[in-house]
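Chemist: Using the numbering used here, read the sequence shown as starting at 192 and increasing by one per residue.
If you scroll down you'll find the structure; I have some questions about it.
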Amino acid sequence: MIGNHESIDVFIGLDVGKGEHHAVALDRAGKKLFDKALPNDEVRLREILDSLNKHGSILLVVDQPATIGALPVAVAQAAGVTVGYLPGLAMRRIADLHPGEAKTDARDAFIIAEAARTMPHTLRSIQIADEQLAELTMLCGFDDDLAKQATATSNRIRGLLTQIHPALERVLGPRLDHPAVLDLLRTWPTPEALRHAGRRRIGNRLKKLAPRMGERLAGEIIAALDQQTVTVIGTNAATIVLPQLARMLADIRESRDTVFTQVEALVEAHPLHPVLTSLPAVGVRTAARILTEIVGKDFATAGHMASYAGLAPVTWRSGSSIRGDHPSRKGNKILKRALFLSAFAALKDPPSRAYYDRKRAEGKRHNQALIALARRRCDTLFAMLRDGTSTNHERPQQLDENHRGTPGRRTRGRAGPHAVDHGQPEES
Numbered sequence: 192m193i194g195n196h197e198s199i200d201v202f203i204g205l206d207v208g209k210g211e212h213h214a215v216a217l218d219r220a221g222k223k224l225f226d227k228a229l230p231n232d233e234v235r236l237r238e239i240l241d242s243l244n245k246h247g248s249i250l251l252v253v254d255q256p257a258t259i260g261a262l263p264v265a266v267a268q269a270a271g272v273t274v275g276y277l278p279g280l281a282m283r284r285i286a287d288l289h290p291g292e293a294k295t296d297a298r299d300a301f302i303i304a305e306a307a308r309t310m311p312h313t314l315r316s317i318q319i320a321d322e323q324l325a326e327l328t329m330l331c332g333f334d335d336d337l338a339k340q341a342t343a344t345s346n347r348i349r350g351l352l353t354q355i356h357p358a359l360e361r362v363l364g365p366r367l368d369h370p371a372v373l374d375l376l377r378t379w380p381t382p383e384a385l386r387h388a389g390r391r392r393i394g395n396r397l398k399k400l401a402p403r404m405g406e407r408l409a410g411e412i413i414a415a416l417d418q419q420t421v422t423v424i425g426t427n428a429a430t431i432v433l434p435q436l437a438r439m440l441a442d443i444r445e446s447r448d449t450v451f452t453q454v455e456a457l458v459e460a461h462p463l464h465p466v467l468t469s470l471p472a473v474g475v476r477t478a479a480r481i482l483t484e485i486v487g488k489d490f491a492t493a494g495h496m497a498s499y500a501g502l503a504p505v506t507w508r509s510g511s512s513i514r515g516d517h518p519s520r521k522g523n524k525i526l527k528r529a530l531f532l533s534a535f536a537a538l539k540d541p542p543s544r545a546y547y548d549r550k551r552a553e554g555k556r557h558n559q560a561l562i563a564l565a566r567r568r569c570d571t572l573f574a575m576l577r578d579g580t581s582t583n584h585e586r587p588q589q590l591d592e593n594h595r596g597t598p599g600r601r602t603r604g605r606a607g608p609h610a611v612d613h614g615q616p617e618e619s
């Protein structure tokens, strides 16, 4: 939500595009001050902001703050203009309140401007991110893309192996994470090539990258090859496809390792790193996602942060027949996934495991118990970030006021229901 909405005099709705944007500016009374298309160019954007600045303080709202909307956001922030973001789902619902069924850039820009003027609660504030977090966000996004490519390529390899030789896939498929297996597929990609190579050569090849399991895996491969005598149609094409897929998968994983090294350096250099990693099962990638998705946002309580992450239950009540709490289908999916997987990894931590077992004993299913644990850890995380302390209550020396807190407000006196102790958060 935009904090200084009452002091805004001009509301600009910007429907962003690759080549040009459409801007509509309204004053506080709803009078249209500007309604034109403008190129995706810094000079023209500055001219518009300068011309509208004579009417008073400006709020610029975009429908896409990243990619094609990154330049307008950067120009507005450099000019000292307050910038907001209208999420796509909220915009579609608001559009249904306006007459007409047309879908044009001009109409969308007007809807954004009108929402900025009359419905400030639908907006999300865009803060100026520091260079470190901006780099971390870009690298994490690239790492996510590489992870998807690695999964797709691995599935493609397993699909081809299942098609031409199911028994061989059962041996090699679960081990595609190992570089020795990818090297083997690049060298002898088909069952016939592996059979011709023989156990000794296969074992020697595998032992170069897998000295401990090479001989054993070679025996399993030969045993799998003996289970099928027929040649499936299309096996010859696998000679071309499989080596390239194996090479692609190896390159993708090498790229992920390079990105991980850069992400690790940025995370370790951040003042909140010792605070985040003091929580069990928070590694580099989880800490990076917490930094990119939480730092810079204002959460009044741990409940607000849990709701933002999609971990807080949603109450459904209507009359006397519909009553109950249901899991949220909304929230920040990236943050929710990071906290959920972190909670799963935390099952090796005795206190976390005890809490999980207690929830299972109460009748909750596995996923429900994990979400309950993730919510509990979210409460702990909020308290840690708010106070700038780790789970052992030690404040890192390099932590300053600019990085303290999910910038939530400090509570005085007795802690509220969501402001829990760092080590033993209040149970949900």
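Note that the Cβ used here is the ideal one computed from N, Cα and C, for glycine as well.
Since the structure is predicted, the reported quantities are computational estimates derived from the model, not experimental observations.
Verify whether the separation of the beta carbon atoms of V274 and A267 is less than 7 Å.
Modeler: Yes. Within cutoff.
Chemist: Excluding the 5 residues preceding and the 5 following I259 in the sequence, name in chain order all residues of the same chain whose CB lies nearer than 8 Å to its CB.
Modeler: Cβ within range, chain order: V207, G208, K209 and N231.
Chemist: At which residue ranges does the stretch 398–442 contain complete alpha helix (DSSP H) runs of 4 or more residues, listed in the order of the chain?
Modeler: Whole alpha helix (DSSP H) segments, 4+ residues: 405–416.
Chemist: Is the CB-CB distance between A371 and L400 below 7 Å?
Modeler: Closer than 7 Å, so yes.
Chemist: Do L502 and E560 count as a contact pair if the criterion is CB distance below 7 Å?
Modeler: Per the sequence shown, the amino acid found at residue 560 is Ala instead of Glu. Not closer than 7 Å, so no.
Chemist: Short of 8 Å in beta carbon distance, which residues of its chain neighbour R447, apart from the five on each side in sequence? Order them along the chain.
Modeler: Closer than 8 Å at Cβ, skipping near neighbours: D334, L337, A338 and A341.
Chemist: I need the straight-line Cα distance from R392 to P402, nearest angstrom please.
Modeler: Taking the straight line joining both Cα atoms gives about 14 Å.
Chemist: Distance, Cα to Cα, A307 vs L375?
Modeler: Their backbone Cα atoms lie some 59 Å apart in a straight line.
Chemist: Mapping DSSP to helix, strand and coil, what is V201?
Modeler: Here V201 sits in strand by DSSP.
Chemist: Are the beta-carbon atoms belonging to S469 and T582 less than 7 Å from one another?
Modeler: Yes.
Chemist: Helix, strand or coil for F225 per DSSP?
Modeler: It is a strand residue.
Chemist: Does the Cβ-Cβ distance between V215 and A293 come in under 7 Å?
Modeler: Contact flag unset, no.
Chemist: Excluding the five sequence neighbours on either side, which residues of its own chain have a C-beta within less than 8 Å of the C-beta of I443, listed in chain order?
Modeler: Cβ within range, chain order: L337, Q340, A341 and T344.
Chemist: Using DSSP with H/G/I as helix, E/B as strand and the rest coil, what is T342?
Modeler: Residue state, collapsed to three classes: helix.
Chemist: If you draw a straight line from the C-alpha of V201 to the C-alpha of A534, how long is it?
Modeler: Going by the C-alpha atoms only, they are around 45 Å apart.
Chemist: Are at least three pairs of beta-carbons, each pair with one atom in the stretch 357–364 and one in the stretch 505–512, less than 8 Å apart?
Modeler: Because the criterion of three Cβ pairs below 8 Å is not met, the stretch 357–364 and the stretch 505–512 do not touch.
Chemist: Start and end of the beta strand (DSSP E) containing A297?
Modeler: No beta strand (DSSP E) contains A297, which is instead part of the alpha helix (DSSP H) from D296 to T309.
Chemist: In the structure shown, what three-state DSSP assignment does L194 receive?
Modeler: Per the sequence shown, the amino acid found at residue 194 is Gly instead of Leu. In the structure shown, G194 sits in coil (DSSP, three-state: anything other than H, G, I, E or B).
Chemist: Count the CB pairs spanning the stretch 413–428 and the stretch 378–390 that are closer than 8 Å, and state whether there are at least three.
Modeler: Because the criterion of three Cβ pairs below 8 Å is met, the stretch 413–428 and the stretch 378–390 touch.
Chemist: State the beta-bridge partners of L251 as determined by DSSP.
Modeler: Beta-bridge pairing links L251 to I203 and V274.
Chemist: Let me make sure I understand the geometry here. Which of K245, N244 and D296 has the alpha-carbon closest to that of V253?
Modeler: Here the closest residue by C-alpha is D296.
Chemist: With H, G and I counted as helix, E and B as strand and the rest as coil, what does DSSP make of I513?
Modeler: Three-state DSSP puts I513 in a strand.
Chemist: Could you please give the first and the last residue of the uninterrupted beta strand (DSSP E) stretch that includes H246?
Modeler: Per DSSP, H246 belongs to no beta strand (DSSP E) and is neither H nor E.
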